[in-house]
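Peer 1: Provided herewith is a single structure, encoded as structure tokens, for subsequent inquiry.
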Amino acid sequence: MGDLKGSFFIIFKELKIQLYTFSIVLLALAALYFVIGFYIEPSDEFSPLLSGPIYGILGFLPFFLYGDPFKSAVELGSTRRQYIFSLWLSYFIFIVNMLVIHEIVSYLLELVSDIFGSHVTLKRAGDVLPNANTFDNMWVDFLAVIFIAGICFLVGAIMYRVGIIPTLIGILLAGVIVFIWYVLGDMMPFFKWVYHHIYETLHILGAIGIVSTLLVYPLIINARLKV
């Protein structure tokens, strides 16, 4: 099984289970919002966020894809390079599938709510943009999940190489530096720039996610298998 196909099969087998779980959770959440909408007065605003499970799953999964799937693929003949490329490809497909399912469920929820009189108006990540349309919503969701997935992949790879405790210490130190900068520094120019350049900021975050994903390669290419 020394090819991309074998590694891809092992990884996507794990991701497929999570995709089914995500779909069930999303449908259950949509049904809950639909029912709650009947108890909301028209004058009240009920704008729940349906995309929460996307960000949660994307931040949760990368930490487990360096464990048994990585070990199984290498032991069955795949190289680390093949595993990493399979990981990138399968996770990209996984992200696209999740976003498509999310858009379909969101559309159906709002359509059925309008028909039956349930007062539900979904909050979207694209609401940060003025006059956002359907494409803007999908694109902002895509950039957001690319950023989250990339950061979590990088943290997971660092954790696999150096261990959990050193990684947590590094995250803590980074958090302390940011906190000191926030307390002692003048962050208003930064916040103003982000506020006036929100579209550019989202693309910068997406680029950070891509770079973080690429940094997984030098961390994992020579990593030892762990028992």
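Going by the working numbering, the letters in the sequence shown line up with residues 228 to 454, in that order.
Backbone N, C-alpha and C fix where the C-beta goes; we use that ideal spot for every residue, glycine too.
Identify which residue in 442, 298, 407, 245 has its Cα closest to the Cα of residue 328.
Peer 2: As a working mapping, residue 328 is identified with position 101 in the sequence shown. Residue 328 has its Cα closest to that of 245, out of 442, 298, 407, 245.
Peer 1: Go to residue 414, then tell me how far its alpha helix (DSSP H) extends in each direction, as first and last residue.
Peer 2: For this step, residue 414 is matched to residue 187 along the sequence shown. First-last for residue 414: undefined, no H or E at that position.
Peer 1: Is the number of C-beta pairs between the segment 344-356 and the segment 381-401 that are closer than 8 Å three or more?
Peer 2: In short, these stretches do not touch, since the Cβ pair count stays below three.
Peer 1: Report the option in 292, 417, 425, 285 whose CA atom is closest to the CA atom of residue 325.
Peer 2: Start at 1 with the first residue of the sequence shown, and residue 325 comes out as number 98. The shortest Cα separation from residue 325 among 292, 417, 425, 285 belongs to 285.
Peer 1: Do residue 275 and residue 260 have their C-beta atoms within less than 7 Å of each other?
Peer 2: Position 48 of the sequence shown, counted from the first residue, corresponds to residue 275. Position 33 of the sequence shown, counted from the first residue, corresponds to residue 260. Result yes, Cβ atoms of residue 275 and residue 260 sit closer than 7 Å.
Peer 1: In the DSSP assignment, what residue or residues form a beta bridge with residue 210?
Peer 2: Residue numbering for the chain in the displayed model covers 228 to 454; residue 210 lies beyond these limits and cannot be assessed.
Peer 1: Taking 7 Å as the limit between beta carbons, can you name the residues of its chain near residue 437, skipping five residues before and five after?
Peer 2: Here residue 437 is taken as the residue at index 210 of the sequence shown, counted from 1. Cβ neighbours of residue 437 beyond the five flanking positions: 373, 377.
Peer 1: Should the segment 289-298 be called in touch with the segment 380-387, which here means at least 3 C-beta pairs below 8 Å?
Peer 2: Result yes; three or more Cβ-Cβ pairs closer than 8 Å.
Peer 1: May I have the straight-line CA-CA distance separating residue 228 from residue 313, to the nearest angstrom?
Peer 2: Reading the sequence shown from its first residue, position 1 is the one you call residue 228. Reading the sequence shown from its first residue, position 86 is the one you call residue 313. Low per-residue confidence applies at residue 228: pLDDT is 47, beneath 50, and the placement is therefore not dependable enough to give any value.
Peer 1: For a minimum of 3 consecutive residues, which ranges assigned as the beta strand (DSSP E) are wholly contained in the segment 414-452?
Peer 2: As far as the segment 414-452 is concerned, it has no whole beta strand (DSSP E) run of at least 3 residues.
Peer 1: Does the Cβ-Cβ distance between residue 412 and residue 370 come in under 7 Å?
Peer 2: Taking the first residue of the sequence shown as position 1, residue 412 is located at position 185. Taking the first residue of the sequence shown as position 1, residue 370 is located at position 143. Against a cut-off of 7 Å, the Cβ pair of residue 370 and residue 412 comes out as no contact.
Peer 1: What is the rounded straight-line gap between the Cα of residue 342 and the Cα of residue 333?
Peer 2: On the sequence shown, position 115 is the one that residue 342 refers to. On the sequence shown, position 106 is the one that residue 333 refers to. Whole-angstrom Cα-Cα distance: 14 Å.
Peer 1: Can you list, in chain order, the residues of its chain with a C-beta nearer than 7 Å to that of residue 315? Leave out the 5 residues immediately preceding and following it.
Peer 2: If you number the sequence shown from 1, residue 315 lands on position 88. Cβ contact annotation for residue 315 (same chain, cutoff 7 Å, sequence separation greater than five): 440, in chain order.
Peer 1: Pull up the CB-CB distance for residue 305 and residue 242, whole angstroms please, since I reckon it's below 8 Å.
Peer 2: Here residue 305 corresponds to residue number 78 of the sequence shown, with the count starting at 1. Here residue 242 corresponds to residue number 15 of the sequence shown, with the count starting at 1. That belief does not hold up - the Cβ atoms of residue 305 and residue 242 are roughly 16 Å apart, past 8 Å.
Peer 1: In whole angstroms, what is the alpha-carbon distance linking residue 232 and residue 271?
Peer 2: The residue labelled residue 232 in the question sits at position 5 within the sequence shown. The residue labelled residue 271 in the question sits at position 44 within the sequence shown. Between residue 232 and residue 271, the C-alpha separation is close to 52 Å.
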